[in-house]
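To start, the structure under review is shown below, and the notes come after it.
There are 2 protein chains.
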Amino acid sequence: MKKYAALLKRTKLFSGVGENDILSMLHCLNAQVREYNKGEYAFRQGEYIRSLMILAVGRLHIQKEDYWGNLNILNEIRPGEMFGEAYIVPNSGTLMNDVVAIEESVVLFFDIDRILTVCSSACPFHTQLIKNIFYTISDKNKSLVQKISYMSQRSTREKLLSYLSDEAKRHNSNSFSIPFNRQQLADFLSVDRSAMSNELSRLRNEGMLDFHKNEFTLREL
Amino acid sequence: MKKYAALLKRTKLFSGVGENDILSMLHCLNAQVREYNKGEYAFRQGEYIRSLMILAVGRLHIQKEDYWGNLNILNEIRPGEMFGEAYIVPNSGTLMNDVVAIEESVVLFFDIDRILTVCSSACPFHTQLIKNIFYTISDKNKSLVQKISYMSQRSTREKLLSYLSDEAKRHNSNSFSIPFNRQQLADFLSVDRSAMSNELSRLRNEGMLDFHKNEFTLREL
DNA sequence: AAAATTCTGTTGTATTTACAACGAAAGCAG
DNA sequence: CTGCTTTCGTTGTAAATACAACAGAATTTT
Chain B
1037 MKKYAALLKR TKLFSGVGEN DILSMLHCLN AQVREYNKGE YAFRQGEYIR SLMILAVGRL
1097 HIQKEDYWGN LNILNEIRPG EMFGEAYIVP NSGTLMNDVV AIEESVVLFF DIDRILTVCS
1157 SACPFHTQLI KNIFYTISDK NKSLVQKISY MSQRSTREKL LSYLSDEAKR HNSNSFSIPF
1217 NRQQLADFLS VDRSAMSNEL SRLRNEGMLD FHKNEFTLRE L
Chain R
1037 MKKYAALLKR TKLFSGVGEN DILSMLHCLN AQVREYNKGE YAFRQGEYIR SLMILAVGRL
1097 HIQKEDYWGN LNILNEIRPG EMFGEAYIVP NSGTLMNDVV AIEESVVLFF DIDRILTVCS
1157 SACPFHTQLI KNIFYTISDK NKSLVQKISY MSQRSTREKL LSYLSDEAKR HNSNSFSIPF
1217 NRQQLADFLS VDRSAMSNEL SRLRNEGMLD FHKNEFTLRE L
């Protein structure tokens, strides 16, 4: 467990907490370690979750199988990322998705009840922890809403323009770089990569924007 | 204001707080009441929000309209539900969506600063309040993720199937009713209404499901 | 009860997208 | 440098979608 302290220090959950304090908190939070083989299910749809998890090693897929058996990958979890935080709520119902290790993985479990119940003197960083989760969820909330606003655009062109113009706003400049390659951007916007590449070229030909690799520049018309 | 105490007692925000305590907290939180006619905007995109709201009566849609008038319903608020809580975080910027009353509605406003500043002895339930907000954000997070999982499907057919499949799971039955009419469902899934109607008919002809108005039944194949 | 409005399914057409396939460019490994 | 892999833009075709328009049903208003 000790060996994960350095990793944990860099996570959003333990942001602002020193390594030593983290170690003492791990006991307080009743932290557990579990390992999963490649292909093994960490959780299945319908299970109750009473822990907050952080992936220490490996890679997980959050995926879903529908009524007729079609599979869909919703999210990929990488080391240091937290998951299950949306299930902290009491009576939040059962998990709607499956969580599968797509590599040999190590997951840290933190008891939800111990996170929520502040143990007065023992853990001075407990309120910090709750605050961190609160901010993380709140941030995530907003970025989810933003993503939805891109995805709700009907055409690939409009999805691109709404995303890129938001990025321009965010960078306060009409030139900026994006954190995605083409395939990732296509996945993020839920469109076909080649169709998107096509649309990007068209936008460039029309003089609306310019790009080299991940560097984009929006042009006035 | 007093007449809403019974309602508030059953809300997530005041969960675990008695009616008498709620009444004394209303003053502490500087609670205000505002009424909206059907179709009236409670908030518009770009406004600053410094309150936490609870819908007392009626129905609200949190929605976004793009340049060409395509509407996307992000969420439907029903009596007792809280909204605006994601903007509690400092420096969270302006509202990204519109909030519209789709029925004659009554909204209660609570001063955010008074919520965040715990007034020690005065309000013994203040920490409970913050905890409750935390839970609510967490819940919304979950439903946003669900919505994204529907919208990320490439075709209208897949969007419908993933949504309906989830509703069946949620109701624990292959028969259930949905809270949308056709246009609202189309907006929720960000697809064209007529194309969606078309697809629904096709799915029915193929024997995958059945529906009458808002009542749906999924069929094994 | 009648009139007006909203809701829903259906059709046809123009447009857009998905998909597969390919070659060029870029990045990486030996 | 050479071979291998990944990324990217492009093309053509099949499939799906958006859009407009309309009529019948259902609902609301008068």
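In order, the protein sequences belong to chains B and R.
In this text, residue positions in the first sequence follow the working numbering: the first is 1037, and each later residue adds one.
In this text, residue positions in the second sequence follow the working numbering: the first is 1037, and each later residue adds one.
Here a beta-carbon is modelled for each residue, glycine too, at the ideal position from N, C-alpha and C.
On a predicted model such as this, the values are computed, not experimentally measured, just so you know.
Compare the beta carbon distance of residue i and residue j with 8 Å and say whether it is the shorter of the two.
{"i": "Asn1133/B", "j": "Gln1099/B", "result": "yes"}
{"i": "Gln1189/B", "j": "Ser1201/B", "result": "no"}
{"i": "Gly1116/R", "j": "Leu1043/R", "result": "yes"}
{"i": "Ile1151/R", "j": "Met1118/R", "result": "no"}
{"i": "Ser1128/B", "j": "Glu1071/B", "result": "no"}
{"i": "Arg1255/B", "j": "Leu1245/B", "result": "yes"}
{"i": "Val1143/B", "j": "Ala1222/B", "result": "no"}
{"i": "Val1053/R", "j": "Phe1161/R", "result": "yes"}
Smallest Cα separation from residue i: which of the options?
{"i": "Arg1193/B", "options": "Ser1233/B, Tyr1103/B, Leu1091/B, Thr1047/B", "result": "Ser1233/B"}
{"i": "Ile1148/R", "options": "Gln1068/R, Lys1045/R, Leu1043/R", "result": "Gln1068/R"}
{"i": "Leu1225/B", "options": "Leu1180/B, Arg1238/B, Asn1208/B", "result": "Leu1180/B"}
{"i": "Phe1216/R", "options": "Asn1250/R, Arg1206/R, Glu1071/R", "result": "Asn1250/R"}
{"i": "Gln1081/R", "options": "Leu1131/R, Asn1056/R, Asn1241/R", "result": "Leu1131/R"}
Roughly how many angstroms lie between the CA atoms of residue i and residue j, to the nearest whole one?
{"i": "Tyr1171/R", "j": "Pro1126/B", "result": "8 Å"}
{"i": "Ser1156/R", "j": "Ser1051/B", "result": "With a pLDDT of only 45 at Ser1156/R, under the threshold of 50, the placement of this residue in the model should not be trusted, and no figure is reported."}
{"i": "Ser1213/R", "j": "Ile1184/R", "result": "21 Å"}
{"i": "Ser1209/B", "j": "Ser1174/B", "result": "26 Å"}
{"i": "Lys1048/B", "j": "Ile1166/B", "result": "11 Å"}
{"i": "Arg1114/B", "j": "Arg1095/B", "result": "5 Å"}
{"i": "Glu1083/R", "j": "Lys1178/B", "result": "15 Å"}
{"i": "Trp1104/R", "j": "Asn1066/B", "result": "Only weak support exists for where Trp1104/R lies, its pLDDT of 46 falling under 50; the coordinates are left without a value."}
{"i": "His1207/B", "j": "Glu1076/R", "result": "34 Å"}
{"i": "Ile1124/R", "j": "Ala1078/B", "result": "34 Å"}
{"i": "Asn1241/R", "j": "Asn1073/B", "result": "43 Å"}
{"i": "Ser1191/R", "j": "Gly1243/B", "result": "30 Å"}
{"i": "Ile1085/R", "j": "Ser1237/B", "result": "40 Å"}
{"i": "Leu1196/B", "j": "Phe1247/R", "result": "36 Å"}
{"i": "Met1187/B", "j": "Asp1057/R", "result": "43 Å"}
{"i": "Leu1239/R", "j": "Asp1102/B", "result": "15 Å"}
{"i": "Gln1182/B", "j": "Lys1176/R", "result": "14 Å"}
{"i": "Lys1205/R", "j": "Ala1231/R", "result": "25 Å"}
{"i": "Ala1158/R", "j": "Glu1235/R", "result": "Bear in mind that a pLDDT of 49 at Ala1158/R, under 50, signals an unreliable position, so the model cannot answer this."}
Apart from the five residues on each side of it in sequence, which residues of its chain come closer than 6 Å, Cβ to Cβ, to residue i?
{"i": "Ser1211/R", "result": "Thr1253"}
{"i": "Glu1055/R", "result": "Ala1041, Lys1045"}
Among the residues of its own chain, which have a CB less than 7 Å from the CB of residue i, if the five just before and after it don't count?
{"i": "Leu1059/B", "result": "Lys1038, Ala1041"}
{"i": "Ser1087/R", "result": "Gly1120, Phe1145, Phe1146, Asp1147, Ile1148"}
{"i": "His1097/B", "result": "Ile1109, Glu1112, Val1136, Ile1138"}
{"i": "Glu1203/B", "result": "Phe1212, Ile1214"}
{"i": "Ile1169/B", "result": "Leu1049, Glu1121"}
{"i": "Gln1219/R", "result": "Arg1229"}
Bridge partners for residue i per DSSP, in chain order?
{"i": "Val1142/B", "result": "Glu1071/B, Val1093/B"}
{"i": "Ile1109/B", "result": "Gln1099/B"}
{"i": "Ala1137/R", "result": "Leu1096/R"}
{"i": "Met1118/B", "result": "Ile1090/B"}
{"i": "His1248/B", "result": "Glu1251/B"}
{"i": "Arg1077/R", "result": "Residue identity differs from the one stated: residue 1077/R is Tyr in this sequence, not Arg. Answer by DSSP bridge pairing, in chain order: Val1136/R."}
{"i": "Phe1212/R", "result": "Phe1252/R"}
{"i": "Asp1147/R", "result": "Ser1087/R"}
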